[in-house]
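Engineer: Here's a structure for you.
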Amino acid sequence: MNNSEFSRIAETTICYIADKIEEQDQDIDVDLQSDILNLETSKGIYVINKQSAAKEIWLSSPVSGPYHFFYEQGKWKNRAGLELMNILTTELEVDF
416 MNNSEFSRIA
426 ETTICYIADK
436 IEEQDQDIDV
446 DLQSDILNLE
456 TSKGIYVINK
466 QSAAKEIWLS
476 SPVSGPYHFF
486 YEQGKWKNRA
496 GLELMNILTT
506 ELEVDF
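Under this note's numbering, the first residue of the sequence shown carries the number 416, and numbering increases by one thereafter.
Put into structure tokens, the structure is as follows:
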């Protein structure tokens, strides 16, 4: 995957996450600025951003800690096989 492809897919994913949370009217404060998504929850602040040099999306979770996800077969996964959307669904109780 080249840099422009990565940027397009990562930015689309981050915007999708923000939109889905806002659509479901959760008690989550959504702040998307540039490529950084901050989600303020009762559990703490989640930060999701793209890391272009590594071609990854990074998640900082106040519940389960930091993650680095790479794009493979249409999904963002970490080296342990965990998927970004599954972690967010479980921790934020949002349907993606």
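Every residue, glycine too, gets a C-beta built ideally from N, C-alpha and C.
What are the boundary residues of the alpha helix (DSSP H) that S422 is part of?
Structural biologist: Sequence index remark: in the sequence shown, residue 422 carries index 7 (1-based). From DSSP, the alpha helix (DSSP H) with S422 extends over N418 to E438.
Engineer: For N493, which of helix, strand or coil comes out of DSSP?
Structural biologist: Translated into positions along the sequence shown, residue 493 becomes position 78. In the structure shown, N493 sits in coil (DSSP, three-state: anything other than H, G, I, E or B).
Engineer: Just mark L497 as buried or exposed, buried being the case when its beta carbon has 16 or more other beta carbons within 10 Å.
Structural biologist: Position 82 of the sequence shown holds residue 497. So L497 counts as exposed.
Engineer: What's the call for K465, buried or exposed, on a 16-neighbour Cβ count within 10 Å?
Structural biologist: Taking the first residue of the sequence shown as position 1, residue 465 is located at position 50. Classification for K465: buried.
Engineer: Excluding sequence positions up to five away, which residues of its chain have a Cβ less than 6 Å from the Cβ of M500?
Structural biologist: As a position in the sequence shown, residue 500 is number 85, starting the count at 1. Excluding sequence neighbours, M500 sits near F511.
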